[in-house]
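Chains as they are written, first to last, in my numbering: chain W, 1 to 359; chain B, 360 to 718; chain U, 719 to 786; chain X, 787 to 854; chain F, 855 to 1037; chain E, 1038 to 1220; chain V, 1221 to 1469; chain S, 1470 to 1718.
A virtual CB, placed ideally from N, CA and C, is assigned to each residue, including glycine.
Worksheet: the structure to be examined is printed underneath.
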Amino acid sequence: MTEKQLLKGSVALAQGAIDAGCRYYFGYPITPQNDIPEYLSAALPAVGGVFIQAESELASINMVLGAAASGKMAMTSSSGPGISLMQEGLSYLAGSELPAVVVNITRSGPGLGGIAPTQGDYMQATRGGGHGDYRLIVLAPNSAQEMYDLAGEAFRLAFKYRNPAMILGDAILGQMKEPVMLREALSPPQNSPWALSGAKDRQPRLVKSLYLKDGEMTVHNLKLLDKYKALQEKEVKVEIDCPTRCDLIVVAFGSCSRIARTAVDRACLQGLKVGLVRPISLFPFPEKAVREEAQKAGRVLVVEMNTGQMLEDVKLACNGNSEVYFKSYPGGAVPTPEEIEKEIEVIVGKGGLRHVNSS
Amino acid sequence: MTEKQLLKGSVALAQGAIDAGCRYYFGYPITPQNDIPEYLSAALPAVGGVFIQAESELASINMVLGAAASGKMAMTSSSGPGISLMQEGLSYLAGSELPAVVVNITRSGPGLGGIAPTQGDYMQATRGGGHGDYRLIVLAPNSAQEMYDLAGEAFRLAFKYRNPAMILGDAILGQMKEPVMLREALSPPQNSPWALSGAKDRQPRLVKSLYLKDGEMTVHNLKLLDKYKALQEKEVKVEIDCPTRCDLIVVAFGSCSRIARTAVDRACLQGLKVGLVRPISLFPFPEKAVREEAQKAGRVLVVEMNTGQMLEDVKLACNGNSEVYFKSYPGGAVPTPEEIEKEIEVIVGKGGLRHVNSS
Amino acid sequence: MGRVAVKEERCKGCGYCLEVCKEGNLYLDSTRRNRSGYSVATFSEDKVCSGCALCAEICPDVALEVYR
Amino acid sequence: MGRVAVKEERCKGCGYCLEVCKEGNLYLDSTRRNRSGYSVATFSEDKVCSGCALCAEICPDVALEVYR
Amino acid sequence: MEYSVVMSGFGGQGVLMMGELLAHCGMKAGLNVTWMPSYGVEMRGGAANCTVVLSENQIGAPITGTPKAVIAMSEPALDKFGSRLPENGLLMINSSLVCKDNSTYGQNGIKTVFIPTRELAEESGNEKMANLAMLGAFLAQTGVLELERVKKEVRSFLPPHKSNLAEGIEKALLKGKEYIDSL
Amino acid sequence: MEYSVVMSGFGGQGVLMMGELLAHCGMKAGLNVTWMPSYGVEMRGGAANCTVVLSENQIGAPITGTPKAVIAMSEPALDKFGSRLPENGLLMINSSLVCKDNSTYGQNGIKTVFIPTRELAEESGNEKMANLAMLGAFLAQTGVLELERVKKEVRSFLPPHKSNLAEGIEKALLKGKEYIDSL
Amino acid sequence: MSIAAKKRVFASPASLTDNKFHFCPGCHHGLVHRLAAETIDYYDLSSKAIGVIGVGCGVFLYDYLAIDCCESPHGRAPAVATGIKRSNPDSFVVTYQGDGDLAAIGTSEIIHAANRQESITIIFVNNSVYGMTGGQMAPTTLPGQKTTTTPAGRQPVGDGYPINVAELISTLKGTAFAARVACHSHTHIRTARKAMRRAFQAQIEKRGLGLIELLSACPTNWRMTPQQSVRRLEAEMINTFPLGTYKDF
Amino acid sequence: MSIAAKKRVFASPASLTDNKFHFCPGCHHGLVHRLAAETIDYYDLSSKAIGVIGVGCGVFLYDYLAIDCCESPHGRAPAVATGIKRSNPDSFVVTYQGDGDLAAIGTSEIIHAANRQESITIIFVNNSVYGMTGGQMAPTTLPGQKTTTTPAGRQPVGDGYPINVAELISTLKGTAFAARVACHSHTHIRTARKAMRRAFQAQIEKRGLGLIELLSACPTNWRMTPQQSVRRLEAEMINTFPLGTYKDF
Ligand SMILES: Cc1ncc(C[n+]2csc(CCOP(=O)(O)OP(=O)(O)O)c2C)c(N)n1
Ligand SMILES: Cc1ncc(C[n+]2csc(CCOP(=O)(O)OP(=O)(O)O)c2C)c(N)n1
Ligand code: SF4
Ligand code: SF4
Ligand code: SF4
Ligand code: SF4
Ligand code: SF4
Ligand code: SF4
Ligand SMILES: [Mg+2]
Ligand SMILES: [Mg+2]
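Quick look at the structure:
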């Protein structure tokens, strides 16, 4: 395991889950993420785990709920329409404070959806597409290596905070093969103090989301809110690469951020002063990093493969203190580095902004 | 019909739908909105319509999809968990550009959810809890009369823009009886040029959401985006009641706005300069109204029966130009006018702000 | 000789036990109500109870204990 | 006497028609491929065709028309 | 001025109907009114309550933690809502079913009135009208609406197939009023 | 420098495997690599393609509208991808299957090379290795990786139960190289 | 003789808590809770049992049974149970579901759990109506039965025929046990107790899915007194839903 | 004699468009499309027919049938069809669904549509695998069959037994017609044609739901040549899925 292997993003993610201790997978086929269940249908039984192809996404997410209630690391994966069908279950998982990992390798919706790479499910993922006040932990890898690494990280956070976590990928990340270095495997979690296992030698335990006594539900909601605040304080993941004097930061996530990275590098080679801020955790959103870098640069270019979703988080972070530009690639369109580079040039001017105060 | 009648909000809404021309209802029971299907199970057949109690919310929303594809005014209603189950169908409706009305009389989630009045589904409603880049038209009544009126308005907008519309209410609005004045009934829509009816004497028609040819899906997404922009330009509904010189505006919607209204009135009686901005359409959000009034007052107090959802839209509207305060009532808690009044006092100071420039 | 203890606060006065007791040992006391407002099943000490426990078997609220 | 017209661009060379024709009137021409890369069914003009249309009946791609 | 009353008791005692009649008559009198019931799980186990608000102005909250008056038709209802009354509130208790000591109530200037609703209903000729006897007493005690006004609107309130009940209702309302007058 | 190549043809021609082998060897040579296949509905109807990018730097897009080279193993593939080549691109055509006129290509300074892959594979002893003959030719033509390097990594690329194929693969690669050398 | 000197011949089962049921007078949910508790005690399962609770009037089962419990979304209990049992094979997993929960929204989950031969036990309370939500039509509502959503009585063509769950589930190969019993008389209750044991036994012996359907009264939503409701159960429900064991491993 | 002088005895049905099918070589979806088109022509339904298309390899039906069509979310075609038919009772509504679509994710919708006696027709293509998504296990996958998600072959205990849709649906009272036919020989195709007509006739005569299950080959995901696949269909599928008419109004 000390050598890199050429792995498909989906397979890297699946192996990353196993290496994090995940032994239970329940899912329903949907392109472009079938490599995950296909890989796990052989790999999980081989490590004593369980793979079930459920009759639907509804069944999948509820099997996950059951396994999670047993204190086990369980996951499911799907794409757009299937993830929509899981919204009730996700809301229950969050309300019942159960850890689980759900992978969304997106399709370009709305509706049946194309399978081209796209990022149209950002809002659904970060705002909670299900009912009620809750949040998912949302991580956005941008390479096969991160598909592997963040699978483990998603489980770690899910268990630490007892909250469902989502990995938001797309067809590029799911289908592309890249070199991946595997970690040492962790063992599955044991005997969580909240897990159902039969009330042997202890009081019965209860996994529930509904609190009926006067005011209890409010207390429960505030408890969840505290958890989300803690996540915002402690678990932000972000890649920042901005020159000290910077005229523009580009903000992009996931596969789109790779292309933005190339564009930013080229612009820098041209002598432009451009930086990149890449949110890796979409919730908690790297609000502080975006705010600070944006404020320094005064200008932000958001590039997304949708009609403008993370854009809202960037605007909220900037709170009016920077100019925010947006370049949109919806419906399966993928930007080229050249296009983004050109956009950068338009914003900062071909020769770069003149720094009035510069030496 | 020239006299007011004392009607439950849910019943008013159901009758409002009928009077708008709706003849098809498909739904699955869930508290606190059962009065809608119960009323319609008798009232629809009486006007030659169809009522089906479906086997689930999934079936309901897809029956709605079928009836909408036939060019008919169709609706469903549910609450939290049931609405979550409809997310795939809602995404299909939006992607297929079909008009329909979905009513959410909310429960306090996440999870199973209490049936106390709450507003925790604002994000789900306004951001599209389903997958892909789409929006619902979202209307938020605050009285039985508006439950009646906005049912009709929702159908009008849904058909005008060929987009699903949601009415977001809560247990107060659903269960409360108030005097309602009924309008004259409209007749159901006929022969929409996109509706399926059998290809007699014309080319076959197709209702679909997936466009597969190169670039088509992007064009489709941009078309939808244009529609949402048109909604934002033309169909904003908002109630503004702010004194010319104003130290604070309170922003609240739905049942919460009634209570805020009382609080604002009391504060004004005390001599404080406080206004109220009530978004009636949540999407399109009255961004301009909020921005302008907020900028004038410099201070905004958002009151919501959740942990802060519309708050984001208010912040986006203000874009850093006003101080934004938030008072939260999650999990079924309902504010009292006294509490909001006190909050107002704290913000503007018991005696009101001193207007430095005032005459 | 049997004897039946009624957990009055559990009883909802449904009357199932009355019907099943062949001896007529149980009746609803309409003069009394428990905290939930129900008239509660009452055991007549003066009749003959076989301790057959049919009344307890049929009680949906587990309001009866039978001794013998 | 029957005759079969092959819509070559529809044919995918599955071979079902070859098997069903008792007369062996159809064969796959491995020297030719259509635009999708398939060897296509070819009708032998020189054999006897009853016009029974079994070949067309079994063709999943509606690539055959039969004349008689 | 805004008047809010919580009416509470067991399911089957007609507390929802009592509230609705009050709200209906308020509407007919040109007032703004809201009627808000308890519902759903709350109703299992037999409890029922509603809140009626009457006002000349727009009504904000249709429910309130501090109503002007509480009508308690049962003991659990009394326990649950009695304590919500603010200073100088009015507490009307169905003494036919609730046999608590007078002395516990009436603190904080709360006015407590006991109404033997069953007896009054029986006197009026229909033992099922205990709720309406209570409503009559409430109207007499508070004056939020005139009894005559309410009696006049009973018929517009009842659905056609129940109009035969009108007379009985009127009688029971009157009994309640008379009881208050007699105090 | 970054090198990107689109390999395309019918399903069953081994274009995906050809790309994977290239990417694998690139990885072993210490380069950054990405391999991106076509998938899903695209694959119905028999088309298949993949894009391989090799670079010393981090790789941004694993797919590109303007690859440095296109390998077309079939006519529809040629039609679809041939036109995407930018100036000075390289177009390698499987002349065993594609019988288009030379003259159509080679515009914009595009270099066009025809490889009789079936014949080369047959010569190498295994007619199923047409894809590898093409890969050998591609390596020889471009030099993106040394043939020796690739031959060395064939065994690390193959899963254990397929290691018997290694020799045939090496032979076919060589045939492709030799063909280019002979031009 | 004082009670103290007598032997208690009928008492609340050990795994039933002291909490008063929240059910309406005459509702059979309480009875089914008691039978479940008795069966748990009988097989000494209270330390391995995990209850998976559907949404319906039985949703507060956790207040009454002293075992580990998990709420499940409406209709999804068999999927949740599958997740628990598969990840916790030594546990004893039992779902508690109503007719709306199991036979309407949860149709798919129960069928596929049975079809996969999941080792779980299903307690299915058929009261021919949606109790919790206030009396709407259930998949098991009888033809002609008036409910709040079939004000003129259920019309099978259009509203659906009553669904016979025990029979349907017994057709699936993975089902080990499926029976229908009734709750309205002591003789039926005794049969029910035996059937419940078999449904548990199926899981204990790893034979496959065990399902017991219990015909139950919902006096509130039938708009009847408890007495009337047991009479209706006997006179009307049993015709449509014949009692018996449809599959026994 | 030149073709021009001969009579055309077999041609593409009128309501089939000229578009080339996107299916793999030997795939029976094309055949089923043709049978559907023939039956539409036979009953002269092309001006009232509305196709409701499930998600699977048949999802582009609208490219091939010259009738009004509606996409439906995976598995929900019977619900969408219900919405169309109820709001448009004069139309002729037919769904086109695969085995994953109908018997896995759509289990509930087909059962309840049949149970409500919806006047719709279901064309159900059973190829024992998920074709479109690349060969995963379907509810109809045979025991032991290798698929991409049952690499060691389907194990009924745990993965599920094959689900016999025609039989299951025929047990529901609202079903007027249910039959299983096969696509792999001309004799079977002729039987299939007749059965398809009955399934249509059921709707035309308003007798209830009509369902025709067609055993079909998916050479691609069976990893077989077309020839091998029709042999497998004959030798293996028919044993598990017996041909015949299970209900006929
Ligand atoms: C997704 C979802 N839909 C609907 C509901 C509302 N709901 C709660 S219980 C119930 C049905 C209750 O009927 P049944 O299952 O027969 O149980 P009973 O109360 O009759 O015992 C429904 C529809 C819900 N909680 N979640
Ligand atoms: C909600 C949802 N889940 C999953 C999918 C992915 N999906 C598309 S088709 C299909 C199954 C195809 O199998 P089948 O229904 O048997 O049709 P076939 O292609 O075999 O004809 C699946 C799972 C989807 N589109 N939507
Ligand atoms: S134990 Fe038997 S005899 Fe005694 S009261 Fe109960 S039913 Fe009657
Ligand atoms: S059966 Fe039980 S609840 Fe009913 S009256 Fe008798 S003791 Fe009370
Ligand atoms: S059956 Fe049809 S597709 Fe197949 S080879 Fe013959 S003509 Fe071609
Ligand atoms: S029509 Fe009959 S005889 Fe002629 S080619 Fe076809 S199958 Fe053969
Ligand atoms: S509503 Fe019906 S099922 Fe629910 S507790 Fe009451 S009687 Fe029982
Ligand atoms: S994958 Fe299978 S079902 Fe789909 S088109 Fe190919 S052969 Fe037909
Ligand atoms: Mg029920
Ligand atoms: Mg299939």
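In DSSP terms, what R278 (chain W) is bridged to: In DSSP, R278 (chain W) forms a bridge with W:E239.
Residues near I1096 (chain E) in its chain [Cβ-Cβ closer than 6 angstroms; skip 5 each side]: N1069, T1071 and V1090
Where Q145 (chain W) sits in the DSSP three-state scheme: helix
Length of the line joining the Cα atoms of T1368 (chain V) and N1441 (chain V): 9 angstroms
Inter-stretch contact at 8 angstroms, needing at least 3 Cβ pairs: the region 995–1007 of chain F / the region 872–884 of chain F: yes
Contact set between E929 (chain F) and chain U, taken where Cβ atoms lie within less than 7 angstroms: R753
Chain B contact for A1483 (chain S) (CB, 9 angstroms cutoff): no
For W346 (chain B), the three-state DSSP class (helix, strand or coil): Nothing can be reported for residue 346 (chain B), as the shown portion of chain B is limited to 360 through 718.
Per-residue DSSP class, three states only, for Q1448 (chain V): helix
D1319 (chain V) Cβ short of 8 angstroms to ligand 1 heavy atom set: yes
Span separating the alpha-carbon of E1079 (chain E) from that of Y1381 (chain V): In this predicted model, E1079 (chain E) has a pLDDT of only 48, less than 50, meaning its place in the structure is not dependable; the value taken from the coordinates is given anyway. Distance between the alpha carbons of E1079 (chain E) and Y1381 (chain V) is about 44 angstroms.
Simplified DSSP state of C1087 (chain E), which is helix, strand or coil: Reduced to three states, the DSSP call for C1087 (chain E) is strand.
Below-9 angstroms beta-carbon distance, K740 (chain U) vs any chain V residue: no
Three-state secondary structure assigned by DSSP to P1717 (chain S): Before going on, a small fix: residue 1717 (chain S) reads as Asp here, not Pro. Three-state result, D1717 (chain S): strand.
Proximity to G943 (chain F) [Cα-Cα], best of F:L1028, F:N911, F:L876 and F:N962: With distances taken between Cα atoms, G943 (chain F) lies closest to F:N962.
R818 (chain X) classed as buried or exposed, judged by whether at least 16 other C-beta atoms fall within 10 angstroms: exposed
I1223 (chain V) classed as buried or exposed, judged by whether at least 16 other C-beta atoms fall within 10 angstroms: exposed
Bounding residues of the beta strand (DSSP E) (the contiguous stretch that carries F761 (chain U)): V758 to F761
Per-residue burial, Q504 (chain B) [other beta carbons within 10 Å of its own, 16 or more giving buried]: Burial is judged here by how many other beta carbons sit within 10 angstroms of a residue's own beta carbon; Q504 (chain B) has at least 16 and is buried.
Which listed residue (V:L1463, V:V1377 and V:H1404) has its alpha carbon closest to that of V1252 (chain V): V:H1404
Three or more C-beta pairs below 8 angstroms linking the region 104–122 of chain W and the region 296–314 of chain W: yes
Q124 (chain W) - DSSP class collapsed to helix/strand/coil: helix
For G66 (chain W), the first and last residue of its enclosing alpha helix (DSSP H): E57 to A69
Element boundaries [beta strand (DSSP E), containing F935 (chain F)]: Not the beta strand (DSSP E): F935 (chain F) falls in the alpha helix (DSSP H), residues E929 to F935.
I18 (chain W) versus I1589 (chain S): straight-line alpha-carbon distance, rounded: When rounded, the distance between both Cα atoms is 46 angstroms.
Opening and closing residue of the alpha helix (DSSP H) in which M181 (chain W) lies: Run containing M181 (chain W): none; DSSP gives neither H nor E here.
Sequence-ordered residues whose beta carbon comes within less than 6 angstroms of a heavy atom of ligand 8: Qualifying residues come out as E:R1081, S:F1492, S:C1493, S:C1496, S:H1498, S:C1526, S:N1596, S:G1600, S:M1601, S:C1687, S:P1688, S:T1689 and S:N1690.
Run of the beta strand (DSSP E) containing K8 (chain W), from where it starts to where it stops: Counting along the chain, the unbroken beta strand (DSSP E) around K8 (chain W) starts and ends at Q5 to K8.
Within-9 angstroms CB hit, T106 (chain W) to chain E: no
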